[in-house]
Amino acid sequence: MAHNRKIILLVLTVGWIITITVLSLMPPSGLPGIGFPHLDKIVHFVFYYVFFILCYYALSKETPPLSSLDNRAMVLSLTFAIVYGMIVEVLQYKMAYGRAGDVKDALANTTGVICGIFTVILIKAINKTTKRAN
Numbered sequence: 001m002a003h004n005r006k007i008i009l010l011v012l013t014v015g016w017i018i019t020i021t022v023l024s025l026m027p028p029s030g031l032p033g034i035g036f037p038h039l040d041k042i043v044h045f046v047f048y049y050v051f052f053i054l055c056y057y058a059l060s061k062e063t064p065p066l067s068s069l070d071n072r073a074m075v076l077s078l079t080f081a082i083v084y085g086m087i088v089e090v091l092q093y094k095m096a097y098g099r100a101g102d103v104k105d106a107l108a109n110t111t112g113v114i115c116g117i118f119t120v121i122l123i124k125a126i127n128k129t130t131k132r133a134n
């Protein structure tokens with residue numbers, strides 16, 4: 001059963017990365033227009049928040065819910081998510097069909113990753129406390 005969870009997490013992670021890539025590199029005319037201020041920054045935050053959490057659990061040695069941190073998975077997920085976000089921003093900058101790389105987007109990506117780290121740490125702390133109480 002644990003092996004099946006890992007496969008599902010890996011498939012979800014790869015699917016999420018593909019979704020981020022397609023939506024980030026597609027011409028803006030193909031995206032829905034919503035008149036909400038800074039919506040793109042919120043979307044970047046959510047993309048990379050979910051990216052980090054999925055990546056962490058896919059790479060972690062245990063299956064969720066985890067009670068101890070897997071530092072290797074934490075560092076790999078952090079590095080992969082931030083580097084991938086930077087690569088996407090560079091590709092947006094270099095491609096000439098209406099997309100532009102943006103430092104603020106990269107900051108939103110990184111903020112999403114950092115909040116993902118805090119979420120994983122919080123989940124682990126809660127799981128540890130719950131285990132001790134039982």
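Under the UniProt record's numbering, read the sequence shown as residues 1 to 134, first letter to last.
Heads up, the beta-carbon is just placed ideally off N, CA and C, and yes, glycines get one too.
Here's a check: name, in chain order, each residue in its chain whose Cβ is nearer than 7 Å to the Cβ of residue i, leaving out the five neighbours to either side.
i, result
"Trp16", "Val50, Phe51 and Leu54"
"Val90", "Gly101"
"Tyr93", "Ala100 and Gly101"
Assuming residue i contacts residue j under a Cβ cut-off of 8 Å, what Cβ separation, rounded to an integer in Å, is found between them?
i, j, result
"Ala81", "Tyr48", "6 Å"
"Ile29", "Gly98", "Contrary to the premise, residue 29 reads as Ser rather than Ile in this sequence. Yes, they are in contact, since the Cβ atoms of Ser29 and Gly98 sit about 7 Å apart, within 8 Å."
"Tyr105", "His44", "A quick correction: the sequence has Asp, not Tyr, at residue 105. Going by Cβ atoms, the distance from Asp105 to His44 rounds to 5 Å, so yes, they are a contact pair."
"Leu69", "Ile121", "7 Å"
"Gly85", "Thr110", "7 Å"
Classify residue i as buried or exposed, calling it buried when 16 or more other Cβ atoms lie within 10 Å of its own Cβ.
i, result
"Asn71", "exposed"
"Gly35", "exposed"
"Ala73", "buried"
"Ala100", "exposed"
"Val88", "buried"
"Asn4", "exposed"
"Ile18", "exposed"
"Ile7", "exposed"
"Ile117", "buried"
Got a sec, what are the start and stop residues for the alpha helix (DSSP H) residue i sits in?
i, result
"Gly35", "Note, Gly35: premise wrong, no alpha helix (DSSP H); not H, not E."
"Lys61", "It is not in any alpha helix (DSSP H) - Lys61 carries neither H nor E in the DSSP assignment."
"residue 139", "Residue 139 cannot be examined here, being either before or after the span of the chain that is shown, 1 to 134."
Leaving out five residues on either side along the sequence, give the residues of the same chain with a beta carbon under 6 Å from the beta carbon of residue i.
i, result
"Ile20", "Phe47"
"Gly112", "Phe45, Tyr48 and Tyr49"
Which same chain residues, not among the five before or five after residue i, have their C-beta less than 8 Å away from its C-beta?
i, result
"Leu12", "Leu54 and Ala58"
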